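Those sequence lines, one after another, are chains A and B. Read in order, the letters of the first sequence are residues 1 to 350 in my numbering. Read in order, the letters of the second sequence are residues 1001 to 1350 in my numbering. We put the CB at the ideal spot given by N, CA and C, even for glycine. A quick note: this is a predicted structure, and the numbers were derived from the prediction, not measured. Taking it in order: structure first as structure tokens, then the write-up.
Protein chains: 2
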Amino acid sequence: MIVNGKHHRTVWLDEENSQKVVKMINQSLLPHLFEIVTYKTYQEVANSIKTMVTRGAGAIGGAGAFGMALGVAQTNSERELRQAAEIMRNTRPTAQNLFYGIDCVLNKVTDLSGEARMTAAFEEAQRVADEDSDNCKKIGEHGSELIRDGMNISTHCNAGWLAFVDWGTALSPIYVAKRQGKKVFVYVDETGPRNQGARLTAWELMNEQIPCKIIDDNATGFLMQRGEIDMVIVGSDRIAANGDVANKIGTYEKAVLAKENGIPFYVAAPTTTVDMNCPTGKDIPIEERNQDEVLYKWGWSDDGRFIRIRTSPENAEALNLAFDVTPAKYVTGIITERGIVKPTELANLF
Amino acid sequence: MIVNGKHHRTVWLDEENSQKVVKMINQSLLPHLFEIVTYKTYQEVANSIKTMVTRGAGAIGGAGAFGMALGVAQTNSERELRQAAEIMRNTRPTAQNLFYGIDCVLNKVTDLSGEARMTAAFEEAQRVADEDSDNCKKIGEHGSELIRDGMNISTHCNAGWLAFVDWGTALSPIYVAKRQGKKVFVYVDETGPRNQGARLTAWELMNEQIPCKIIDDNATGFLMQRGEIDMVIVGSDRIAANGDVANKIGTYEKAVLAKENGIPFYVAAPTTTVDMNCPTGKDIPIEERNQDEVLYKWGWSDDGRFIRIRTSPENAEALNLAFDVTPAKYVTGIITERGIVKPTELANLF
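Encoded structure:
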């Protein structure tokens, strides 16, 4: 999508001094600074996923694939390559797309060697990235059919183009609807503890000139009760075979509140997010992150520095669950690149 | 309650140079700095309520009464006194206790003059403060009967002693249960946008040596789904005659989630919070506060300053509703100083 008048993807392959490099937007500094970082090794890419320089289901899928391709270029040893894959895999535990991106590249280079092996790895990584972008665009086209002119839409966290290679999932239908001339207003959940809604979703929507307001996560339910929200669209990090949906912590709360208030609740995700080997939501591992993400807030000081402030007592303890599981019964439909299905009808897509 | 080994109330009357002054804990700097401020005029007290130097239903009830008594001391003119009451009343629109505190003092001085008028005003303000503290203690005694040894309790915002003159409402049953030798663990909702849970409730609980963890507001529902929360207790800023409860934004969300997960949801409040002139929750005015409270976060920097950081894009807009209304059907019971009642049986208390 467009940043300062120029088209960008969140993560892409480039060349510096005849060497392949992976570039990505540093999402940890957004919306305060727009910075592009360059990585030459899979270790650097793994670290960028772990520290959330890049984040979001599809973006770390693309980063995983590109990182794995760097790994292929770094070693001819099968043992070392397996180790690299392990390191990449261990960066984040919940998102299905990460494992998909890594495995695509790994599977492609089996039985290859030399130049052909490297070429295949980079081509496959590029294919994974393009596929993600194409899928997201199709999700936008299908999802836009649900959007009527004048709707107020609620979204949680960032499942926009920054969370994917391009277009995004939850926001893609809104971007497509805008291009169709429909008026849409978005209530953006701030999405604590890391505020991806306030930081990234609001930034994306403002860049696309879509009117929006940031609300505290606590306010979504009350706006639903007051009839000010017509539809909820969120993304997903993994969808179990039974239609249970893992997504950013707080998604479950919004889904229950949507149901209670008779508001349609949609999940937008490419079919690569579906894990048919995972029978139910209970089988999805839930990442517990460092408690400092709850005890501190990060942002831009009045004197222009990106700093943290403590918002809790010294020595306080926190529990920081990064994702939750929304049981299928709360999900109106899942918007995929192959069409919109009921969560119980996922198997029909495969 | 105890701070650094010494008993404190949140707001109290004192004397400096033979002049009555109102003192209060500056809650805007907690938990980083413990500071006591002194006010000599009702205008200063009004400003302290507006800017949330003091906040919470009972604390601003006490501050309203003490401020009004200063107003009585400042003027003999009936017209000026009405004006002072108007200024005090216009500081915050939602909390019933504020109006109660102001009106108690106003009604007491009608037909009095001179020394008797001033004495009556300060005595009545003191009575309002003592009544608040006594009511909260009784709420703790009644509420403690609901708490079994080993329970995990969830609370939203701060309805502890800082929100009242002493003891608090939602936290008072926990303080009493602790004194009865029961083990209690508290999940503290951070409570955005102003983080009163992370800042004030965690600080109170840690001072009282009650084990607790701060969680992001988005995590409460998932912990309920996982069976890790046994009961919810929150406070209230105003209760309508039909049992609908106005409280900090997000309370409605937690109430719906508690019901969905079969978890008892209690509201603790003195009967002074009940507004029998307010038929339903729809008649309670909901304060909309400055959008900067959502766009920025306030806290303590690593170099020891209380500062704000921006957590949203430049020029972003926010909507900042400070309270919501929880319909009576989600409330298991209301814990008052006169006992625990169903929300539909409020009238029996009067």
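Determine contact between the region 232-241 of chain A and the region 153-160 of chain A, defined as no fewer than three beta-carbon pairs at a distance below 8 Å. yes
The region 1222-1239 of chain B: which residues have C-beta closer than 7 Å to a C-beta of chain A, in chain order? F1222 and Q1225
Among the residues of its own chain, which have a CB less than 8 Å from the CB of Q291 of chain A, if the five just before and after it don't count? E317, A318, L319 and N320
For I1249 of chain B and A219 of chain A, believed in contact at Cβ under 8 Å, the rounded distance: 5 Å
For D1130 of chain B, which option in B:T1075, B:F1066 and B:A1085 has the closest C-alpha, if you only look at C-alpha atoms? B:F1066
Using a beta-carbon distance below 8 Å, is R199 of chain A in contact with chain B? yes
Three-state secondary structure assigned by DSSP to T1110 of chain B: coil
So, does the CB of K137 of chain A fall closer than 8 Å to a CB anywhere in chain C? No chain C appears in the structure shown, which is made up of the protein chains A and B.
N-terminal and C-terminal residue of the beta strand (DSSP E) that R238 of chain A is part of: R238 to A240
Give the DSSP-derived three-state secondary structure of E131 of chain A in the structure shown. helix
Round the Cβ separation of A69 of chain A and V105 of chain A to the nearest angstrom and send it over; I've been treating them as touching at under 8 Å. 6 Å
Interface positions of the region 1207-1218 of chain B facing chain A (Cβ-Cβ less than 7 Å), listed along the chain: K1213, I1214, I1215, D1216, D1217 and N1218
CB contact below 8 Å: R1308 of chain B versus chain A: yes
How many Å lie between Q43 of chain A and N1207 of chain B at the Cα? 44 Å
Rounded to a whole number of angstroms, what is the C-alpha to C-alpha distance between D1244 of chain B and D1283 of chain B? 10 Å
Just to confirm the assignment, what range does the beta strand (DSSP E) spanning Q83 of chain A have? Premise fails: Q83 of chain A lies in the alpha helix (DSSP H), E78 to R89, not in any beta strand (DSSP E).
When you compare the CB positions of G312 of chain A and A1170 of chain B, do they come within less than 8 Å of one another, or not? Before going further, note that residue 312 of chain A is Ser rather than Gly in the sequence given. Contact: no.
Option nearest K137 of chain A by Cα separation, candidates A:W161, A:I147, A:R148 and A:E123: A:W161
Cα separation between E123 of chain A and E35 of chain A? 26 Å
Rounded straight-line distance, which links the Cα of V1053 of chain B to that of N1195 of chain B: 14 Å
Does DSSP put F306 of chain A in a helix, in a strand, or in coil? strand
Can you name the residues of chain B whose CB is closer than 9 Å to the CB of N195 of chain A? K1297, T1311 and S1312
What does the Cβ neighbour count give for F1306 of chain B, buried or exposed, with the cut at 16 atoms within 10 Å? exposed
Cα-Cα, which of A:Q209, A:A121 and A:I87 is closest to G5 of chain A? A:Q209
Along chain B, which residues have their Cβ under 9 Å away from the Cβ of L171 of chain A? The premise fails here: L171 of chain A is roughly 15 Å from chain B at the closest Cβ pair, so nothing lies under 9 Å.
Looking only at its chain, what residues have a beta carbon closer than 7 Å to the beta carbon of E1337 of chain B, apart from the 5 residues adjacent to it on each side? N1135, K1138, I1139, P1270 and T1271
Partner residues on chain A for A1318 of chain B, Cβ-Cβ distance less than 7 Å: K213, I214 and I215
Could you pull out every unbroken beta strand (DSSP E) segment of at least 3 residues lying fully inside the region 209-271 of chain A, listed in chain order? 212-215, 231-234, 238-240, 245-248 and 265-268
By alpha-carbon positions, which one of B:N1090, B:K1329, B:T1075 and B:V1188 ends up nearest to T1051 of chain B? B:N1090
Where the alpha helix (DSSP H) through F66 of chain A begins and ends: A57 to Q74
Is any beta-carbon of chain B found at less than 8 Å from that of Y175 of chain A? no
Closest by C-alpha distance to T1326 of chain B, when choosing among B:T1280, B:N1315 and B:G1339: B:T1280
If we cut at 8 Å on Cβ distances, does A1202 of chain B have a partner in chain A? yes
With 9 Å as the limit, tell me which residues of the region 263-297 of chain A have their beta carbon closer than that to any beta carbon of chain B; keep them in chain order. I286, Q291, E293, V294, L295, Y296 and K297
Is the beta carbon of E1253 of chain B sitting closer than 8 Å to the one on G221 of chain A? yes
For T344 of chain A, three-class secondary structure by DSSP: helix
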